[in-house]
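Which chain is which? The protein sequence lines are U and E, in order.
Take the first sequence: its position 191, counting from 1, is numbered 191 in the working numbering, and each next residue is one higher.
Take the second sequence: its position 17, counting from 1, is numbered 17 in the working numbering, and each next residue is one higher.
Beta carbons are placed, not taken as given, at the ideal position from N, Cα and C, and that holds for glycine.
Since the structure is predicted, the reported quantities are computational estimates derived from the model, not experimental observations.
Inspection log for the structure reproduced underneath, given as structure tokens.
Protein chains: 2
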Amino acid sequence: MSKEWIAVDWGTTHLRVWRMAGREIMAKAASDKGMNTLAADGFEPALLELVEPWLTETPTRVLCCGMVGSRQGWIEAPYRPVPCAPLAETLVRAPTRDPRLDVRIVPGLSQSSPPDVMRGEETQIAGFLALKDGWDGVICLPGTHTKWVHLSAGEVVSFQTFMTGELFALLAGQSVLRHSVDTSGWDAAAFAEAASEAMSRPEALAARLFRLRAAHLLEGPQPARACAELSGLLIGAELAAARPYWLGQNIAVIGADAVARAYVEALSLQGNSATFAKSDAMTQAGLVKASRDTE
Amino acid sequence: MSKEWIAVDWGTTHLRVWRMAGREIMAKAASDKGMNTLAADGFEPALLELVEPWLTETPTRVLCCGMVGSRQGWIEAPYRPVPCAPLAETLVRAPTRDPRLDVRIVPGLSQSSPPDVMRGEETQIAGFLALKDGWDGVICLPGTHTKWVHLSAGEVVSFQTFMTGELFALLAGQSVLRHSVDTSGWDAAAFAEAASEAMSRPEALAARLFRLRAAHLLEGPQPARACAELSGLLIGAELAAARPYWLGQNIAVIGADAVARAYVEALSLQGNSATFAKSDAMTQAGLVKASRDTE
């Protein structure tokens, strides 16, 4: 029987746990106790709420990735400077009161020039590489803060973060555009057109955004179209800026289904075919890799 | 004695009134009862709260500009399509119960291609032209939704809106950058550098924004510098996109003090000298013009 352990994806707004036997998932659970809802002494209770039934008298290994390792997290797992392999050889131990827990946190990565940081994505990258041995190229990880990562010979060489996801959420949910955009809608043609337009004139973004509002006032509401256009404009502008990353490269996109597919679609409009991998599966694969490397 | 009337600047979040005798300001008052706090039947009471002491038995003319004339305002004053003079020859009468009030609203302007709208800025433009007879060129009106307006022979020929001010407020107040930016601080050199950088590489905006956060995490907080950089990046990207408007033109900037000066400074870095005029004074001058034109 494979050894049991627990895999944990602990981000800013979510906590997801998997009961593992070797590389097999035996059970899973989740809560909304993300890092930004917890003080330093709140992490152990939040974890126990989900995993207590899985614990035994001998300490269980718990491997965590994500914002749980930030300065505002359980304990700071200092950034490792690139270039380096995505996973550290030693993880950072978190203080616990419960003797049944042996908690370790995967450190994030940093880059000094230009300054940049990641936490959580390094584990997804490690998972992807574990499944695609010898893969070289560029990985795009769309999310609140989208990362573009250049990989070579199993190492992260450089990376760049774009605030595209957060801009979309703020604009669609809190700006004047909220009246004109329905995020449950989609219009694939409008997305493609807006993405192409933003790629050729990325600097026009702030003006093009207001046009969504003006078109609503003058021509009537088209909330699904406006949502796809907003997404296309932001992703198109990002792709224009990230061109030095992806041009002529082997590309993979790791993310949640809908947003990752939008990136794959926008890249294909530029004649690039990208491999798609789901972020949840890559996180699990990365934590499996961390578990084997640090046994 | 000049005839008494009341000038009203009624925007989304504010209500400002001036008791006027001809072009002289006799008194002023203000409240926070902007358009977005009021239902249709709330406008008359909100106005009376401020101006009741100034009313007489004979109806007093009240001239209003701004979002009060939008579909969600007191009564819709339909947009006038450009090209046209900034002020209409006839204003839109708002329904009132109090016989002492004779309320008229200045209509906004619209443009069909590309779709765009303004409300309130047309009055500031009219005020500026009234003070600078025969002025031709381009007016920039920074604000939540900054306008660039091309004027010729006393008419608004075309205009374009940028969501720069709203982006700044969302990013500085609600995004992950809020931890790194202090909007009470300023650093003129950082502003200039960021504005120049964004003008030469406007497409890099979403990446350059996250660098403010990463620099904070890796190099320590510099909240005043980060505020000036954020402003410089957004204004620089806007200037890059608005270049067809201002290049080689006579330029005026109408706005509140600090933000308008930032635009003037950014334009001067590009070798352009712009005339600065305060938005409050231009609104008053525009309403004086409307009062004389429609007597």
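What is the rounded straight-line gap between the Cα of L87(E) and the Cα of F168(E)? About 30 Å.
E49(E) to A281(E) span [Cα, whole Å]: Taking the Cα positions, E49(E) is about 23 Å away from A281(E).
Since E203(E) and E203(U) should fall inside the 8 Å C-beta cutoff, what is the C-beta to C-beta distance between them, to a whole number of angstroms? Rounded, the Cβ-Cβ distance is 6 Å, consistent with contact.
Out of R61(E), D102(E), A77(E), K147(E), point me to the one whose CA is closest to A207(U)'s CA. Answer by Cα proximity: K147(E).
Taking the alpha carbon of A172(U) as the point to measure from, which residue in E166(E), L15(E), S196(E) has its own alpha carbon closest? Checked all of E166(E), L15(E), S196(E); the closest Cα to A172(U) is E166(E).
Given a cut-off of 8 Å on the beta-carbon distance, is the pair I125(U) and I105(U) in contact? Not closer than 8 Å, so no.
With 8 Å as the threshold, decide whether the Cβ of S175(U) is near any Cβ in chain E. Yes, contact with chain E.
Which residue's Cα is closest to the Cα of I25(E): A242(E), K3(E), Y245(E), P223(E)? With distances taken between CA atoms, I25(E) lies nearest to K3(E) out of A242(E), K3(E), Y245(E), P223(E).
S200(E): first and last residue of the uninterrupted alpha helix (DSSP H) it sits in: Segment 188-200, the alpha helix (DSSP H) holding S200(E).
With a threshold of 7 Å on Cβ separation, who are the neighbours of L233(U) within its own chain once the five nearest residues in sequence on each side are excluded? The answer, listed in chain order, is A194, A198, L205, R208, L209.
Starting from the C-beta of A298(U), find all residues in its chain whose C-beta is less than 7 Å away, skip the five residues before and the five after it, and write them out in chain order. Only positions 1 to 295 of chain U appear in the structure, and residue 298(U) is not among them; the question remains open.
Beta-bridge pairing of V149(E) - partner residues as DSSP gives them: Answer by DSSP bridge pairing, in chain order: I139(E), F159(E).
Same chain, Cβ closer than 7 Å to K289(E), neighbours up to 5 away in sequence not counted: The residues are L87, A126, G127, A130.
With a threshold of 8 Å on Cβ separation, who are the neighbours of W54(U) within its own chain once the five nearest residues in sequence on each side are excluded? So the qualifying residues of the chain are E4, I6, R19, A27, T60.
Compare the C-alpha of A277(U) against each of K132(U), L287(U), P99(U), G34(U) and name the closest. For A277(U), the closest C-alpha among the options K132(U), L287(U), P99(U), G34(U) is that of K132(U).
Based on Cα-Cα distance, which residue from P45(E), S268(E), T58(E), G137(E) lies nearest to P244(E)? Selection P45(E), S268(E), T58(E), G137(E) evaluated against P244(E) yields G137(E) as nearest (Cα-Cα).
Limits of the alpha helix (DSSP H) - the one that Q111(E) falls within: Not the alpha helix (DSSP H): Q111(E) falls in the beta strand (DSSP E), residues 109-111.
Using a Cβ-Cβ cut-off of 7 Å (strictly less than) and excluding sequence neighbours within five positions of S231(U), which residues of its own chain qualify? Apart from the 5 residues on each side of it in sequence, S231(U) sits with its Cβ closer than 7 Å to the Cβ of F168, F191, A262 in its chain, given in chain order.
What do you get for L299(E), buried or exposed, if any count of 16 or more other CB atoms within 10 angstroms of its CB means buried? With chain E covering 1 to 295 only, the question about residue 299(E) has no answer from this structure.
Does W74(E) come out as helix, strand or coil in the three-state DSSP assignment? Coil, per DSSP.
Rounded to the nearest angstrom, what separates A77(U) and E121(E) at their Cα positions? Per the coordinates, the alpha-carbon of A77(U) lies some 52 Å from the alpha-carbon of E121(E).
Using 8 Å as the limit for Cβ to Cβ distance, is E203(U) near chain E? Under the Cβ distance rule, E203(U) counts among the residues neighbouring chain E, one pair being separated by less than 8 Å.
State the Cα-Cα distance for the pair P115(U) and P81(U), rounded to the nearest angstrom. Taking the CA atoms as reference points, P115(U) sits about 11 Å from P81(U).
Environment of E238(U) [buried if 16+ CB atoms lie within 10 Å]: Looking at its Cβ environment, which holds 16 or more other Cβ atoms inside 10 Å, E238(U) is buried.
Using the C-alpha atoms, what's the distance from V156(E) back to P83(E)? Distance between the alpha carbons of P83(E) and V156(E) is about 5 Å.
Proximal residues of chain U, C-beta to C-beta of R178(E) below 8 Å: Those do not exist, as R178(E) stays about 11 Å from chain U at its closest Cβ, beyond 8 Å.
Look up M1(U) in the DSSP assignment and say whether it is helix, strand or coil. Below a pLDDT of 50, predicted positions are generally treated as unreliable, and M1(U), at 45, falls in that range; the measurement from the model is reported next regardless. Correct three-state label for M1(U): coil.
Verify the CB distance criterion: does V157(E) have a CB-CB separation below 8 Å to chain U? Answer no: the Cβ-Cβ gap between V157(E) and chain U never drops below 8 Å.
Do V62(U) and I75(U) have their C-beta atoms within less than 8 Å of each other? No, the Cβ-Cβ distance between V62(U) and I75(U) is not below 8 Å.
Would you give the residue range spanned by the alpha helix (DSSP H) that D257(U) belongs to? 257-269 is the extent of the alpha helix (DSSP H) around D257(U).
Going by alpha carbons, who is nearest to P45(E) out of G22(E), L15(E), M67(E)? The shortest C-alpha separation from P45(E) is found at L15(E).
Provide the residue span of the alpha helix (DSSP H) that contains R16(E), from first to last. According to the DSSP assignment, R16(E) belongs to no alpha helix (DSSP H) but to the beta strand (DSSP E) extending over 15-21.
Beta strand (DSSP E) containing A88(U): first to last residue? Taken as a continuous stretch (DSSP letters only), A88(U) belongs to no beta strand (DSSP E), as it is neither H nor E.
Could you confirm whether any beta carbon from chain U is found closer than 8 Å to the beta carbon of S110(E)? For S110(E), the nearest CB of chain U lies under 8 Å from its own CB, placing it at the interface with that chain.
DSSP bridge partner residues for C304(U) (one or two, in chain order): No statement about residue 304(U) is possible, as the shown extent of chain U runs from 1 to 295 and does not include it.
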